[in-house]
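Okay, structure first, notes after.
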Amino acid sequence: MPHGEFARDLLAALAKRPRQLSPKYFYDAAGSALFDRICELPEYYLTRCELGLLSAHAPEIAKHMGAEAEIVEFGAGSLAKIRLLLDAVRRPGRYLPIDISGEHLAAAARRLQQDYPLLEVLPVVADYTKGLRLPPRVRRGSRRIGFFPGSTIGNLRSDEALRFLKQAAVLLRGGALLLGADLVKAPAVLHAAYNDAQGVTAAFNLNLLARANRELGANFDPAGFAHSAFYNAGLQRVEMHLMSLRKQDVSVCGRHFEFAEGETLHTENSYKFTIDSLQALATHAGLRPGPVWTDKHRRFGLLWLHAPS
Ligand code: AVI
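Just so we're aligned, residue 501 is where the sequence shown starts under this note's numbering, counting upward by one.
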């Protein structure tokens, strides 16, 4: 991602009230490593729940995919989850992981290719929340199955989520989307997942300020800000903010901004869904709800959404 975009969006966020920045800026190398640690935390049930659902239901999911399907993963990251599906599909056709971070994606794709020598792996460096073009299908009529795991859909605004699903309906026409999403649950469980005892989520949030200092020569004092994460029940989302602990001035790219004590920079929304709300959103986007897999506590959902021809 060009640094110019980070500078532009951060300056715009600081100039507005309330101050809010896209969560995509969490994921520099340090932020991605911290996110990998979050996924292993005892309080962060999302990854474990989803991996459990994928391993328990992989054979059934593979049947829905069909032989020689082309699998398109949106926001592929480390490519760990797809392995569970690839192991269950008898003859996968081609795998297209899409990610914004080219280096990270290329390294992960190389490792995957070594482990699955018969699979054609074709990484696509792109921002899948913007207009996305895919290479032509391997064969006319081959089925395309999208995979959007991790509840990343929850980090999109509702208009972005709808736009993403509409785009998926078009790109996957004649195939389907497998969507992983976190479900509404007791606020205490959500609170713990975003306020872990080891402080990894706090470090992940605060890394944004360190990133601005490293890349943009900003002078944020990370000790002058606190991680704040809470469940906003009215909007069914966990909000993360960086809260100024005192009145302070910050300079970014030669521009000065004042933070009052208690003022925040809103860094992430993580929406939580019901199966019904997801299926309604998907239907509105032109997808047709199919099977749903969920764990016994209904913490996390995997939804199969048909993309009509
Ligand atoms: C990537 N995304 C789905 C995570 C989430 O739960 O919203 C990012 C995250 N933020 C704090 N912890 C994890």
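The beta-carbon is built from N, C-alpha and C at its ideal position, and this holds for glycine as well.
Residue range of the unbroken beta strand (DSSP E) whose run includes residue i
i, result
"D682", "676-682"
"S555", "Careful: S555 lies outside any beta strand (DSSP E), inside the alpha helix (DSSP H) at 545-565."
"R657", "Per DSSP, R657 belongs to no beta strand (DSSP E) and is neither H nor E."
"L803", "800-806"
"L742", "737-744"
N- and C-terminal bounds of the alpha helix (DSSP H) containing residue i
i, result
"Q779", "775-784"
"R611", "602-615"
"A588", "580-588"
"E715", "700-716"
Assigned exposure category for residue i - 16 Cβ within 10 Å defines buried
i, result
"C753", "exposed"
"G680", "buried"
"H741", "buried"
"G675", "buried"
"G577", "buried"
"R591", "exposed"
Sequence-distant residues of the same chain with beta carbon closer than 6 Å to residue i, five excluded per side
i, result
"A718", "A712, V752"
"G814", "The structure shown has nothing for residue 814, since the chain only spans 501 to 809."
"P791", "W804"
"F648", "F574, L679"
"I653", "A661, A681"
"L765", "R519, L742"
Distance cut-off 6 Å: residue i Cβ against heavy atoms of the ligand AVI
i, result
"G602", "no"
"T701", "yes"
"S532", "no"
"S770", "yes"
"N655", "yes"
"I538", "yes"
"T652", "yes"
Cβ neighbours of residue i in the same chain (closer than 7 Å, five flanking residues each side left out)
i, result
"G593", "E568, A569, E570, V638, S642"
"A604", "Just to set this straight, residue 604 is His in the shown sequence, not Ala. So the list reads S532, once near-sequence residues are dropped."
"N695", "T701, A729"
"R746", "G724, E761"
"L656", "T629, F664"
"S522", "D509"
"I538", "Y544, V700, T701, F704"
"M501", "Residue placement at M501 is flagged as unreliable, the pLDDT there being 49, under the threshold of 50; the coordinate-derived value follows with that caveat. Taken in chain order, the residues that qualify are I600."
8 Å CB neighbourhood of residue i in its chain, flanking five on each side removed
i, result
"E620", "G593, R594, Y595, V638"
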